[in-house]
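Structure record follows, encoded as structure tokens.
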Amino acid sequence: MATIKDVAKEAGVSVATVSRVINNSPKASAVSIEAVKQAMAKLGYRPNANARALVSQSTQTVGVLVGDVSDPFFGTLVKAADKVAHTHGKHLLVCNGYHHAEQEKAAIELLINSRCESLIIHSKALSDQELIQYANEVKGMVLINRHIPELADRCISLDNHKGSYLATEFLIRHGHTKIAHIASSHDIEDAEERIEGYRAAMRDNGLEPSSNCIEYGEPDSEGGEQATRNLLTKSVDFTAVVAYNDYMAVGALSVFEENGVQVPQQVSMVGFDDGMLAKYVHPKLTTIRYPIELMAEKATTLALMLAKGEKPEVESNRFSPTIVRRMSVEKR
Numbered sequence: 000m001a002t003i004k005d006v007a008k009e010a011g012v013s014v015a016t017v018s019r020v021i022n023n024s025p026k027a028s029a030v031s032i033e034a035v036k037q038a039m040a041k042l043g044y045r046p047n048a049n050a051r052a053l054v055s056q057s058t059q060t061v062g063v064l065v066g067d068v069s070d071p072f073f074g075t076l077v078k079a080a081d082k083v084a085h086t087h088g089k090h091l092l093v094c095n096g097y098h099h100a101e102q103e104k105a106a107i108e109l110l111i112n113s114r115c116e117s118l119i120i121h122s123k124a125l126s127d128q129e130l131i132q133y134a135n136e137v138k139g140m141v142l143i144n145r146h147i148p149e150l151a152d153r154c155i156s157l158d159n160h161k162g163s164y165l166a167t168e169f170l171i172r173h174g175h176t177k178i179a180h181i182a183s184s185h186d187i188e189d190a191e192e193r194i195e196g197y198r199a200a201m202r203d204n205g206l207e208p209s210s211n212c213i214e215y216g217e218p219d220s221e222g223g224e225q226a227t228r229n230l231l232t233k234s235v236d237f238t239a240v241v242a243y244n245d246y247m248a249v250g251a252l253s254v255f256e257e258n259g260v261q262v263p264q265q266v267s268m269v270g271f272d273d274g275m276l277a278k279y280v281h282p283k284l285t286t287i288r289y290p291i292e293l294m295a296e297k298a299t300t301l302a303l304m305l306a307k308g309e310k311p312e313v314e315s316n317r318f319s320p321t322i323v324r325r326m327s328v329e330k331r
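In numbering that gives the first Met the number 0, the protein residues as written are 0 to 331.
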């Protein structure tokens, strides 16, 4: 494998000159640039990225931590971040944290050690204090789908309470008073806020939500199936369901179909996220839109600005959900 010394010898220049050409130094002459490029091409020499980063203080890489990139939700996040990074001549380094503290920590350490100046971090397992410490170390770090008061200007988040409130209120306006909630069993703020949003909407409309009407499960289709089976097994009296997300809603739809329960004629259903899945199930799913694409674009833009020491305009980083009406809700 060719070395920088081999390139210098082939080009008839010094190692320092080769280094200047590699790092686009204005001190390199046109003749030297051409000679070095020809030598590099002939020898098949590729500059070491880490070595270049030490000189330029930048790897031109944006670090992204997500829960699981195979989840379409996170796939949308990564694609949106990549679009913004690409317009700034940068590439993404993506890590999965799987909502596990040690894996999230290891991923952030890797991104920092890889000299990523801008970080977009989706962390649910690490404490506020741990994330504050990382943010103090990396000025271009931005949190997405998380709000920490001490880092408020570097957090891009969604009002989950409002989203669940909207979903529940929408069902109430359609005449439903017996509304169940299938919730995520994960101990994260999203789950807590969505449960509280459901309860608040019920109470504000003179309805007292029973703990018997709330079932928990993994935030996926299997978790939705299990939670719905539990509701049916307990003979809970309900005419509508608010689901933690679209995956749990789809799991519920499957169980209803298996048990001869018609949606929306007998039970109405509202999901959360408005992923691609919601448009293609039967019936098409009424849901709460989670604007993750817009949020990821804003998070990436903010991270790039902060890394360069620029001050963004003062504006709200809290996004509001909206309801998407489809075919899974019917008036009582």
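Backbone N, C-alpha and C define an ideal beta-carbon position, used for all residues, glycine too.
When the Cα atoms are used, what is the spatial distance from LEU109 to ASP272? Within the sequence shown, residue 109 is the residue found at index 110, counting from 1. Within the sequence shown, residue 272 is the residue found at index 273, counting from 1. Distance between the alpha carbons of LEU109 and ASP272: 30 Å.
Using only the heavy atoms of the ligand ATP, determine whether one of them is closer than 7 Å to the beta carbon of ARG19. Within the structure as shown, the ligand ATP is missing, as the structure has no ligands at all.
Please classify ASN159 as buried or exposed, where buried requires at least 16 neighbouring CB atoms within 10 angstroms. Counted from its first residue, the sequence shown places residue 159 at position 160. ASN159 should be labelled buried.
May I have the straight-line CA-CA distance separating ARG228 from VAL93, to the nearest angstrom? Locating residue 228 in the sequence shown gives position 229, where the first residue counts as 1. Locating residue 93 in the sequence shown gives position 94, where the first residue counts as 1. Taking the straight line from one Cα to the other gives about 37 Å.
Using the C-alpha atoms, what's the distance from SER28 back to VAL68? Counting from 1 along the sequence shown, the entry for residue 68 is found at position 69. Counting from 1 along the sequence shown, the entry for residue 28 is found at position 29. The alpha-carbon atoms of VAL68 and SER28 are separated by roughly 45 Å.
Could you pull out every residue in the same chain whose Cβ sits closer than 7 Å to the Cβ of TYR97, ignoring the five residues on either side in sequence? Walking along the sequence shown from the start, residue 97 turns up at place 98. Around TYR97: GLY66 and ASP67.
Which same chain residues, not among the five before or five after PRO263, have their C-beta less than 6 Å away from its C-beta? Here residue 263 refers to the residue found at position 264 when the sequence shown is read from its first residue. For PRO263, where only same-chain residues beyond five positions count, the Cβ hits under 6 Å are SER327, VAL328 and GLU329.
Whole-Å CB distance - LYS161 paired with GLY196, under 8 Å assumed: The sequence position of residue 161 within the sequence shown is 162, counting from 1. The sequence position of residue 196 within the sequence shown is 197, counting from 1. So it is a contact: roughly 7 Å between Cβ atoms.
Return the CA-CA distance between ALA40 and THR2, expressed in angstroms with no decimal places. Taking the first residue of the sequence shown as 1, we reach residue 40 at position 41. Taking the first residue of the sequence shown as 1, we reach residue 2 at position 3. Rounded to the nearest angstrom, the two C-alpha atoms are 13 Å apart.
Please report how far the alpha carbon of ARG51 lies from the alpha carbon of LEU157, in whole angstroms. Against the sequence shown, residue 51 aligns to sequence position 52. Against the sequence shown, residue 157 aligns to sequence position 158. Since pLDDT at ARG51 reaches only 49, below the 50 mark, its modelled position is unreliable, and no value is offered.
Is DSSP giving ARG19 helix, strand or coil here? Indexing the sequence shown from 1 puts residue 19 at position 20. In the structure shown, ARG19 sits in a helix (DSSP, three-state: H, G or I).
I'd like the list of long-range same chain contacts for GLU342, defined as Cβ closer than 7 Å, with 5 residues on each side in sequence excluded. Lying outside 0 to 331, the shown extent of the chain, residue 342 is not represented and no answer is given.
Ordered list of alpha helix (DSSP H) runs contained in the region 146-231, each at least 4 residues: 159-172 and 188-203
Which residues in the same chain have their Cβ closer than 6 Å to the Cβ of LYS233, if we skip the five residues on either side of it in sequence? As a position in the sequence shown, residue 233 is number 234, starting the count at 1. Close CB contacts of LYS233 within its chain, under the 6 Å cut and outside five residues either way in sequence, are absent.
For GLY222 and SER184, believed in contact at Cβ under 8 Å, the rounded distance: As a working mapping, residue 184 is identified with position 185 in the sequence shown. As a working mapping, residue 222 is identified with position 223 in the sequence shown. Contact holds; Cβ gap of about 7 Å.
Which of the three DSSP states, helix, strand or coil, is assigned to ASP273? Counting from 1 along the sequence shown, the entry for residue 273 is found at position 274. When DSSP states are grouped into helix, strand and coil, ASP273 belongs to the coil group.
Integer-rounded CB distance, given that ALA80 should sit under 8 Å from ILE119: Taking the sequence shown and counting its residues from 1, one reaches residue 119 at position 120. Taking the sequence shown and counting its residues from 1, one reaches residue 80 at position 81. Right, their Cβ atoms sit about 6 Å apart.
May I have the straight-line CA-CA distance separating VAL30 from GLY43, to the nearest angstrom? Taking the sequence shown and counting its residues from 1, one reaches residue 30 at position 31. Taking the sequence shown and counting its residues from 1, one reaches residue 43 at position 44. Cα to Cα, VAL30 sits roughly 20 Å from GLY43.
Relative to the C-alpha of LEU231, which residue among ASP152, ILE111, GLU129 and VAL266 is closest? Indexing the sequence shown from 1 puts residue 231 at position 232. It is VAL266 whose Cα lies nearest to the Cα of LEU231.
Within a Cβ cutoff of 6 Å, which residues of the same chain sit near ILE171, ignoring the five residues on either side of it in sequence? Counting from one through the sequence shown, the residue named residue 171 turns up at place 172. Correct list, in chain order: ASN204.
Suppose you measure from the CA of LYS278 to the CA of ALA179; what does that come to, to the nearest Å? Taking the first residue of the sequence shown as position 1, residue 278 is located at position 279. Taking the first residue of the sequence shown as position 1, residue 179 is located at position 180. Here the C-alpha atom of LYS278 lies approximately 22 Å from the C-alpha atom of ALA179.
Does DSSP classify ASN244 as helix, strand or coil? As a working note, residue 244 is residue 245 in the sequence shown. It is coil, neither helix nor strand.
Under 8 Å, do ALA251 and GLU116 count as touching if we go by C-beta distance? Locating residue 251 in the sequence shown gives position 252, where the first residue counts as 1. Locating residue 116 in the sequence shown gives position 117, where the first residue counts as 1. No, the pair does not count as a contact, with Cβ atoms beyond the cut-off.
Using the beta-carbon count (16 or more within 10 Å), is SER332 buried or exposed? Residue numbering for the chain in the displayed model covers 0 to 331; residue 332 lies beyond these limits and cannot be assessed.
Segment limits, alpha helix (DSSP H) that includes MET140: In the sequence shown, counting from the first residue as 1, residue 140 sits at position 141. Here MET140 belongs to no alpha helix (DSSP H); instead the beta strand (DSSP E) covers 139-143.
If you draw a straight line from the C-alpha of VAL54 to the C-alpha of ASN22, how long is it? Taking the first residue of the sequence shown as 1, we reach residue 54 at position 55. Taking the first residue of the sequence shown as 1, we reach residue 22 at position 23. In this prediction, VAL54 scores a pLDDT of 48, lower than 50, which makes its location untrustworthy; no coordinate-derived value is stated.
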